[in-house]
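Read the structure below first, then the notes.
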Amino acid sequence: MPNTIFITGASTGLGHATALLFAQRGWNVIATMRDPAAAPDLAAHAQVTVLPLDVTKPEQVQDAARRALELEDVDVLFNNAGYGLAGPFEGASDEQLVRQLDTNLLGVMRVTQAFLPHFRTRGAGVIVTTTSIGGLVTFPFNSVYHATKWALEGWSESLAFELKPFGVRVKTVAPGGIRTDFAGRSIVVTQHDAYADALGKTMAAFSKPERQGLGSSAEQIAEIVWEAVTDGEDRVRYVAGRDAQATYAQREQVGAETFRKGVAQAFLGE
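Using the numbering used here, you'd call the opening residue of the sequence shown number 486 and step up by one each time.
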């Protein structure tokens, strides 16, 4: 019997690429997204079942998990749904804060909790969550996004202790830049006049020619998801992409405070 992976946020980008990769390698894939019509190529694939899922809706999470487990014996959960909230923290509305936390953090926890009885009972399973290099280092004007991704890293590391006795492995994939439409479709930017100059400097630094093209393709990061799922290692963190690996290695080498001062100089001129 083929193995089965359940994926959230599969309509585009990394989720979509991962769904195709696993299907091409003979796995059954349950690909979920808010609008199932958004990925007709997945719906047409013989190895893929597309289900509707908004991770901010607890009842829909429970229903999607129930339907998935009725269809297949799910081996792997890949938590990938999420988006970015950037810009001045002071300019963020309460609605924007709640939605960011609800999607990026609580949504992951809801979906994971829905599958835990299944994994624990069968005595095996892998839970992989997309975090970000932004869960290991920080940059200006991404404070709420960083909060969700750092939380996921800590939550995953702690959860790995809890689930190891039941044969369930917990892992994170922390990509750097991914060359998808994430920056256009999946980022909400807050505004506040008091921070306009500093935000402009940060955006200019991110847009420098030497920073362009540093990211990985969604297909390259999907290969890291495949590695995390199939390598059988007792390992939690997979830093994915050369840019992310270089950034993380630099922080580890020079220390958190020196790295932070370097970011301030590079992005804000301070």
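Don't be surprised by glycine CBs; every beta carbon is placed ideally from N, CA and C. Predicted, not measured: the structure shown is a model, and the values here were computed from it.
- Distance from the CA atom of Phe-563 to the CA atom of Gly-592, rounded to whole angstroms, is 12 Å.
- Distance from Glu-557 to Ile-515 at the Cβ level is roughly 7 Å; contact confirmed, criterion being Cβ atoms closer than 8 Å.
- Put simply, the backbone Cα of Asn-513 is about 50 Å away from that of Asp-682.
- The alpha carbon of Thr-633 has as its nearest neighbour, out of Lys-542, Leu-499, Ser-692 and Val-583, the alpha carbon of Val-583.
- Comparing alpha-carbon positions, the option among Val-533, Val-559 and Ala-725 lying closest to Val-611 turns out to be Val-559.
- Per DSSP, the continuous alpha helix (DSSP H) segment holding Lys-634 begins and ends at 628-648.
- For Met-486, the three-state secondary structure derived from DSSP is coil.
- Contact between the segment 728-739 and the segment 615-633 is established, with three or more Cβ pairs separated by less than 8 Å.
- The segment 518-526 and the segment 494-507 touch, with three or more beta-carbon pairs separated by less than 8 Å.
- Annotated three-state conformation of Asn-564 is strand, per DSSP.
- Excluding residues up to 5 positions away in sequence, Ala-751 and Phe-752 lie with their Cβ nearer than 7 Å to the Cβ of Ala-690 in the same chain.
- With a 10 Å radius around the Cβ and a threshold of 16 neighbouring Cβ atoms, Phe-491 comes out buried.
- Scanning Leu-538, Ser-702, Ala-749 and Pro-650 for the CA closest to the CA of Thr-606 turns up Pro-650.
- Taken in chain order, the complete alpha helix (DSSP H) segments of 4 or more residues contained in the segment 658-743 are 667-670, 681-691, 703-715 and 727-739.
- At a Cβ-Cβ threshold of 9 Å, Ser-692 and Gly-662 do not count as neighbours.
- Lys-656 counts as buried, since at least 16 other C-beta atoms from the protein chains shown sit within 10 angstroms of its C-beta.
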